[in-house]
Amino acid sequence: QVNRLLEQTRRDWEARLDRVGLELPPAAGRLARSIKSNLAYILINRDGSAIQPGSRAYARSWIRDGALTSAALLGMGYTQEVREFLQWYAPYQFADGKVPCCVDGRGADPTPEHDSHGELIYTVMEYYRYTRDVGFLREMWPYVLKAVGYIDYLRQQRLTDIYRTPELCMYCGLVPESISHEGYSTQPRHSYWDNFFILRGLKDAADMAAILGENGEAARIAAMRDAFRKDLYASILETMKLHQIDYIPGAVELGDFDSTSTTVAIDPGGELGRLPQPALDRTFERYAEFFRARRDDRKWTAYTPYEWRVVGAMIRLGFRDRALEALEFFFEGQRPAAWNQWAEVVWREPRTPRFIGDMPHTWVGSDFIRSARSLFVYEREADQALVIGAGIPAAWVENPEGIAVKRMPTWHGTLNYRMAMSGPSTLRVQLSGDVTVPPGRIILHSPLDRPLREVTVGGRPATTFTANTLTLD
9 QVNRLLEQTR RDWEARLDRV GLELPPAAGR LARSIKSNLA YILINRDGSA
59 IQPGSRAYAR SWIRDGALTS AALLGMGYTQ EVREFLQWYA PYQFADGKVP
109 CCVDGRGADP TPEHDSHGEL IYTVMEYYRY TRDVGFLREM WPYVLKAVGY
159 IDYLRQQRLT DIYRTPELCM YCGLVPESIS HEGYSTQPRH SYWDNFFILR
209 GLKDAADMAA ILGENGEAAR IAAMRDAFRK DLYASILETM KLHQIDYIPG
259 AVELGDFDST STTVAIDPGG ELGRLPQPAL DRTFERYAEF FRARRDDRKW
309 TAYTPYEWRV VGAMIRLGFR DRALEALEFF FEGQRPAAWN QWAEVVWREP
359 RTPRFIGDMP HTWVGSDFIR SARSLFVYER EADQALVIGA GIPAAWVENP
409 EGIAVKRMPT WHGTLNYRMA MSGPSTLRVQ LSGDVTVPPG RIILHSPLDR
459 PLREVTVGGR PATTFTANTL TLD
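For the sequence shown, the working numbering gives the first residue as 9, with consecutive numbering after it.
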């Protein structure tokens, strides 16, 4: 009886975790196993409809964790869990439109954390991008509209005349300080983490209004979005000048280096192409310098694997090799290795008797899943392109079997593809599925470490290619 139940449970999980198929070479087996394991841990850690990052110390539901974990689930084919989470969490919104940072058995937490409002809106719109469920969008619209109202209330507090003076202009138009970023928990700061999520929420709310035919609201929120974006980027430049730095700071007051936080401007923020250059590149160049020094001297003490977010950012910035270096290092932090997971804190010495958070920590797990998906496909918001294969290493396709991706959900439909060498200098790629070519077209990356010299599509010569990409209409 026990063996029969065990086998039935094994089959049930096998089926439940088979939404997306990844056929990878043995060298990438750990990545494929870790995606499935962390999806399972996310589902196990749920408490009814509540998405939770842990089952012990973190047995509460944060909209911050829930938003990014929802994005991970949606990108791997899980929609019902996200719908249920939103239907459960949204009614805890306060009467004035404030979105609680956290909900537990005691109800909504009133602590002001100003990323929350944008995160709720983003999660609703992200669900729509994968499902096109306009009925659900309409159901959530009252919560979204109230959250926009609260964002406007917050923003007005930093639009008074005093914040237009040279001494305080770097705060102008931002939302007030909060402790949403754990690094500022002892002293609230005007964090760009908060403000990038606010911008994400305003962008999504404006798009949502247009989809729902709320034309007046669409125009009003779009104007708010544009004004906020202008103020946000002016603030970043003023803060860089104030602190005499050449990277994107974490908070106005500190001018601190916080690349893991800055990643949210790229994904889910979608601001790549608008973020100030060369400050953005310098931010992740500096991270790479820090990362290599830490990895190579082996004298580091601990790190938090939220750094997985940097892998996805690096891929989007075109730094594939740096992303793969980081990926390899972070896999060393899986303890026990057979669990395919990360604690919230990884100590260099595994037996260090210090805080590790819940293990598995599934907010960390969701950051890993989102970055791992970026290796295979991601949606580029700036030009509305679908980007395929930007993080795939050459060794994977030079393996005799190559790689295959099956049933991968995207904003534009379901994607299947296979990449394999068909000769010493020929890479063959087969694309299928029901993907609709987006306005920015499909950008296919070659994983090979040598430039493309000749490309054929459907047997015909193609001209729309560069040294490492092919553009498909």
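Glycine included, every Cβ here is placed at the ideal spot set by N, Cα and C.
- As the crow flies, the alpha-carbon of glycine 278 is around 16 Å from that of proline 447.
- The DSSP-derived three-state label of cysteine 177 is helix.
- Listed as beta-bridge partners of threonine 434 by DSSP are Gly431.
- Between the alpha carbons of proline 257 and histidine 453 lies a gap of roughly 31 Å.
- Take lysine 414, set aside five residues on each side of it, and the residues of its chain with a beta-carbon closer than 8 Å to its own are Val28, Gly29, Leu30, Glu31 and Asn424, in chain order.
- Counting other Cβ atoms within 10 Å of its Cβ, valine 445 stays below 16 and is therefore classed as exposed.
- In the structure shown, arginine 72 adopts helical secondary structure according to DSSP, grouped into three states.
- Counting only residues of its own chain and dropping the five nearest sequence neighbours on each side, histidine 251 has a CB closer than 6 Å to the CB of Gly263.
- Cβ-Cβ distances below 6 Å link glycine 157 to Gly105 in the same chain, with the five nearest sequence neighbours on each side left out; the list follows chain order.
- The residue from Gly326, Phe337 and Arg324 with its alpha-carbon nearest to that of aspartate 304 is Phe337.
- Taking the CA atoms as reference points, methionine 429 sits about 11 Å from alanine 403.
- By the 16-neighbour rule on beta-carbons within 10 angstroms, asparagine 348 is buried.
- In this structure, the CA atom of tryptophan 21 is about 15 Å from the CA atom of arginine 54.
- Contact between leucine 210 and methionine 178 is absent: CB atoms are separated by about 20 Å, not below the 8 Å threshold.
- Closest option to alanine 36, judged by alpha-carbon separation, among Ala48, Phe299 and Leu383: Leu383.
- Contact between the segment 182-201 and the segment 238-246 is present: 3 or more CB-CB pairs across the two stretches fall below 8 Å.
- In this structure, tyrosine 97 lies near glycine 74, with their beta-carbon atoms less than 8 Å apart.
- In the structure shown, the three-state DSSP call for arginine 140 is coil.
- The beta-bridge partner set that DSSP reports for valine 413 consists of Leu30 and Tyr425.
- Within the segment 284-354, the complete alpha helix (DSSP H) segments at least 4 residues long are 287-305, 316-325 and 328-339, listed from N- to C-terminus.
- In the three-state reduction of the DSSP assignment, leucine 240 falls in the helix class.
- Serine 57 carries a coil assignment under DSSP once its states are collapsed to helix, strand and coil.
- In this structure, Asp275 is the residue among Asp275, Ala310 and Met322 with its C-alpha nearest to the C-alpha of glutamate 387.
- Counting the other CB atoms within 10 Å of its CB gives asparagine 46 a total of 16 or more, which places it among the buried residues.
- For the options Asp239, Phe205 and Gly143, the alpha carbon positioned closest to that of leucine 220 is the one of Gly143.
- In this chain, the beta strand (DSSP E) harbouring arginine 388 covers 385-388.
- When C-beta atoms of the segment 129-143 are compared with those of the segment 69-84, three or more pairs fall below 8 Å, so the two segments count as touching.
- In summary, lysine 249 is exposed, with fewer than 16 beta-carbon neighbours lying within 10 Å of its beta-carbon over all protein chains present.
- The three-state secondary structure of proline 469, taken from DSSP, is strand.
- Looking at the DSSP output, histidine 453 bridges to Thr477.
- Counting along the chain, no alpha helix (DSSP H) covers isoleucine 187, and no H or E run does either.
- Sixteen is the threshold: when 16 or more other Cβ atoms of the shown chains lie within 10 Å of the Cβ of lysine 154, as they do, the residue is buried.
- Within the DSSP secondary-structure output, proline 257 pairs in a beta bridge with Phe265.
- Boundaries of the beta strand (DSSP E) harbouring alanine 393: 393-396, taken from the DSSP string.
- Judged by their CB atoms, arginine 324 and leucine 280 are nearer to each other than the 8 Å cut-off.
- Pairing glutamate 175 with glycine 399, the inter-Cα distance amounts to about 43 Å.
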